[in-house]
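Remember, our numbering sits 878 above the position in the sequence shown when you count from 1. All C-beta atoms in this analysis are idealised placements derived from N, C-alpha and C, irrespective of residue type, glycine included. In what follows, a structure is listed as structure tokens, so that the remarks can point back to it.
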Amino acid sequence: MSTASSLLAAQQSSQSIQVVIDENYPPYSFRNSQGELQGISIDQWKLFEQKTGIKVYITGKPWNEAYESMLAGQFDVIDTISYSEQRTTLFDFTKPYATIEVPIFFQNNISGIHNADSIRGFEIAAKKGDHCIEVLNEQGITNITEFDSAEDLIQAAKDNKISIFTMGKPPALYYLYKMGIQDNFHYTDTSLYTSQFYRAVKVGNTELLNTLESGFDKISDQEMESINARWLGISSLPSFWAENFRFILFLGFVGILLLFGLFYWNRTLNRKVIQRTQEINEINCQLEYKNNLLQAIFESSPDVLVCSLDKGYCYLNFNLEHKDMMLKIFGSKIEVGMNMLEAFGNHPYAQLAQANFKQVLAGDCVAELQDVRQEENGTPLYWQMYWSPIVLKNGEVVGISSFVINISELKQTEKLLRDSEYLLLESQRVAHTGSYIMDYKTGQWHCSQTLNEILGIEESFPHTLEGYMTLIHPDWLDLVTEHFQLDKECYDFEYQIVRHENGEVRWVHGLGELEVNSEGEPLRMIGTIQDVTDHKKNEERILYLSYHDQLTGLYNRRFYEEELKRLDVVRNYPLSVMMADVNGLKLVNDSFGHEFGDQLLSKVGQVMKKACRKDDILARLGGDEFVLLLPNTDRLEAERILKRIQKLATQEEVGSIQLSISFGFETKRYSTQSIDEILKKAEDNMYKMKLFESPSMRGKAIQTIVNTLYEKNKQEEHHSHSVSELCQRIGIALNLPERDVLELKNVGLLHDIGKIGIDEKVLSNSGKLTKEEWIEIKRHPEIGYRILSTVNDMADMAIDVLAHHERWDGNGYPKGLKGNKIPLHARIIAIADAYDAMINDRSYRKPFTQEKALEELTNNAGTQFDPELVKIFIDNVVIDLSPVK
């Protein structure tokens, strides 16, 4: 202790002392009917005050509060404290001034309790903060219910809420007698431990400790005995007479009998014999009644098995439930005098029972849980067994008593409860839902493991309201705080948290209900928190898809229609509406496939979006149509935006196809103008532009398609030019008009354009085609037809391309046309196509000679080919040809 502290302590000790004491420990300290402290310790302090002249202020509190107040430094001295090694680190102790026995008290209907070991398995009551709790814990007894005061504890005993307790004998007897239940409780003849009362100061306060020692030394033994006599009382007789009173009284009584004469002895003896006989008969009747009552009680408990054994393990008594159990499980018909171990037979429990019997006969109580399976169906029966020694008043163990309770239903209920709890926890885990209880008194909350995982916290994380608030996303903190107000009985709220573990932002759905007491004060909040992040993402995804085009990512028609209504107000005028249509999309789809067409649409969307401003609304209406809503945009500004889009479009290609988009727009200036009329004008303007731009685009697209086909297959380029030349010569030989000859030349060049849509692997196959590959090849006339039919001035050529694989006999494809129903140009292409194919090298065969090729044409004239055209080809065309290379 520092010099300043020592001086302060000395100054305090010379003026006054603040003392805290247990207010509920009669006869040492307790309150009278006026609430004033009284008792041995109080009188001793008063005498201390007189002897030393030091003013003493005594404060009485429940022991646990008194102890905590002393630790907090609120008092100088603590009285009625017991000594322990643990407390020496906190306090310095005076000499002891009282010795206190601390026995175990138990209801008088409980037998076999004589030490700490015999109360294992029982619920024990003790005063909060009492040293006896440490003693019990050291002996492995932890099932302890704590009370604030000795009076509260004895009141609980009176109310049959507790049956066993331990505390100092003086206060226990005081309150037992005060409450009139002294006959309901016994206490062990051997104390659990013997304690002593000390007075103590904070460790290191030597000055004050010396003041206490010297002050109480000034009180004489006679003064101390006088105080003790006042509160503990004195014997009504001198000690010698008190101890021998009964003996002296007996001698006096005998002397009087002898004095009054032996004459009446015989008569008196007869009277006594008659009286004693009557008493014995009455006692026998009472014993028989009590035995019958006890037996009736045993028999009326269907789930309790009762028996008693002598020291040789032979039955003294048992109830019917015990008898039936022994027969059902062990197959033994028992009777009084039968050895219980013999009744067990070879059952494995016999050895355990014998060990238990030996332990009980040594004076211990044994409690155990056993499960025994019935032989009929193997269902386990659970028994809670209690074995206790039968002890005479002199302490001699003369037998064993047994109480066995069938707790099978309880165990089954426990199992169902565990299963239910497991299912609940598993269902919470699967549903990403955790549960919690918030205690408003302590400010603490407890939760399931699933909730810890959702929040990303460990058990060491502060489970307080303040701790939880640190997990709330800053954007939601005020709203969550509002929902946690105590005036709300329940809440149902979605918000975001930040997981403590990794900082991940998650959505949660909180449900809670507030419990209040009868005065409406909040007690606790019970609720659940579910991780709904995936659900929220799905909602956002669904909302996004409901307003966006899946292909381009632009807004869709639904969003456009809603925005048009929203924007059609005066503050957005002038409001310009621009319609857009992708030129040649059908041609691209037919030629390169829909996947390529989708790429074209996506690129168009990207180009238009790039040219738009922040507040402009760009949407795809469907197919090849787009619309652009331009709020606060006049015609001049709309024209600038249109030119910006067109400029960007000329710089983009998909494959080898350049973007081609037709536009039309109209501007609404006044509220009197109909928005529907504005839309119609914009669409009309767009279609006017499309009339000029689309044909040019389709022509360019067809040339691109042909070039692409030739790039894929160089042999196809040579074949197309050869067929074109042969068609031209046949037309000349037929004396067709120059216009028809030119058309024949062009359609011959384009007759296989449909092969652009055939898988390149099938086209380059050098072996025999499979059935599926052949079906694929036969599609090219239809594909070519669809491509060419998109161009107005190629409609006739499209028909010729469609029919160029028809046969004269009607067995061709795709329509199976026959004879002259096949267009003339198609019949000419068929001959030129077949002839060129035969005389040129193929991956699957060598070329035919010209003679062999003409022989094949002649052989198939009238079946595959038009016979007249074959004759003209051979007589007028081939004769002028040099061998085609």
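- Query: Within 8 Å (strictly less), CB to CB, does N1021 reach chain B?
  - Reply: No chain B is present in this structure, which holds just one protein chain.
- Query: How would you call A1240, buried or exposed, if buried means at least 16 neighbouring beta carbons within 10 angstroms?
  - Reply: exposed
- For my contact list, V1455 and L1499 are in at a C-beta cut-off of 8 Å; report their separation, rounded to the angstrom. That belief does not hold up - the Cβ atoms of V1455 and L1499 are roughly 12 Å apart, past 8 Å.
- Express the C-alpha separation of V1532 and Q1524 in angstroms, rounding to a whole number. 16 Å
- Taking the runs of the alpha helix (DSSP H) that are 4 residues or longer, which of them lie wholly in the region 1417-1480? 1435-1445 and 1463-1470
- Message: So, under 8 Å CB-CB, I1707 and D1674 are touching, yes? Tell me the CB distance rounded to an integer number of Å.
- Response: No, I1707 and D1674 are not in contact; Cβ-Cβ is about 13 Å, not under 8 Å.
- Task: Sort out for me which residues DSSP pairs C1368 with in a bridge.
- Result: E1391
- Taking the alpha-carbon positions, what's the S1540 to F1470 distance? 21 Å
- Message: In chain order, what are the residue ranges of uninterrupted alpha helix (DSSP H) at least 4 long that sit wholly in the region 1596-1641?
- Response: 1616-1628 and 1638-1641
- Message: On the CB-based measure, 16 or more other CB atoms within 10 Å of its CB, does V898 come out buried or exposed?
- Response: buried
- Are H1200 and L1219 closer than 8 Å when you measure CB to CB? no
- Query: Could you check where the alpha helix (DSSP H) with E943 kicks off and where it finishes?
  - Reply: W941 to L949
- Query: Are A1004 and T1044 touching if we call contact CB-CB under 8 Å?
  - Reply: yes
- Task: Please state whether DSSP places A1240 in a helix, a strand or coil.
- Result: coil
- beta strand (DSSP E) runs contained entirely in the region 1314-1381, provided each spans 3 or more residues: 1322-1325 and 1368-1376
- Whole-number beta carbon distance between G1277 and K1189, since they are thought to touch under 8 Å: 6 Å
- Kindly indicate which three-state DSSP category N1195 falls into: helix, strand or coil? strand
- Kindly indicate the opening and closing residues of the beta strand (DSSP E) around Q1262. P1258 to V1269
- Is D1502 buried or exposed, if buried means 16 or more other CB atoms sit within 10 Å of its CB? buried
- Message: Does the region 1432-1448 come into contact with the region 1480-1498, if we say contact requires no fewer than three beta-carbon pairs (one atom in each stretch) closer than 8 Å?
- Response: yes
- Query: Would you call Q893 buried or exposed, if buried means 16 or more other Cβ atoms sit within 10 Å of its Cβ?
  - Reply: exposed
- Between N1613 and L1747, what straight-line distance do the alpha-carbon atoms span, to the nearest angstrom? 13 Å
- Nearest-angstrom Cα distance between A1560 and K1566? 10 Å
- Task: Assign G1223 to one of two classes, buried (16 or more other C-beta atoms within 10 Å of its C-beta) or exposed (fewer than that).
- Result: exposed
- Query: Considering F983, what are the terminal residues of the beta strand (DSSP E) in which it resides?
  - Reply: I982 to Q985
- Query: Would you call L1349 buried or exposed, if buried means 16 or more other Cβ atoms sit within 10 Å of its Cβ?
  - Reply: buried
- Item | Straight-line gap, V1755 to S1602 (C-alpha atoms, nearest Å) | 14 Å
- Message: To the nearest angstrom, how far is the alpha carbon of R1723 from that of P1692?
- Response: 26 Å
- Report the three-state DSSP secondary structure of M1403 (helix, strand or coil). strand
- Residues bridged to G1542 [DSSP beta-bridge criterion]: M1457
- Query: Can you tell which of D1181, S1186 and G1215 has the C-alpha that lies nearest to the C-alpha of Q1203?
  - Reply: For the sequence presented, residue 1203 should be read as Met rather than Gln. Of the candidates D1181, S1186 and G1215, the one whose C-alpha sits nearest the C-alpha of M1203 is D1181.
- Task: State the beta-bridge partners of Q832 as determined by DSSP.
- Result: Look at the range of the chain in this structure, 879 to 1763, and you will see that residue 832 is not part of it.
- Item | Buried or exposed by the 16-neighbour rule on C-beta atoms within 10 Å, applied to A950 | exposed
- Segment limits, beta strand (DSSP E) that includes T1084: No beta strand (DSSP E) holds T1084; the alpha helix (DSSP H) holding it covers T1084 to D1095.
- Query: Any idea which residues DSSP pairs W1109 with across the strands?
  - Reply: Paired residues: none, contrary to the question.
- Query: Leaving out five residues before and five after H1682 in sequence, what residues of the same chain have Cβ atoms less than 6 Å from its Cβ?
  - Reply: H1629, A1704, I1707 and A1708
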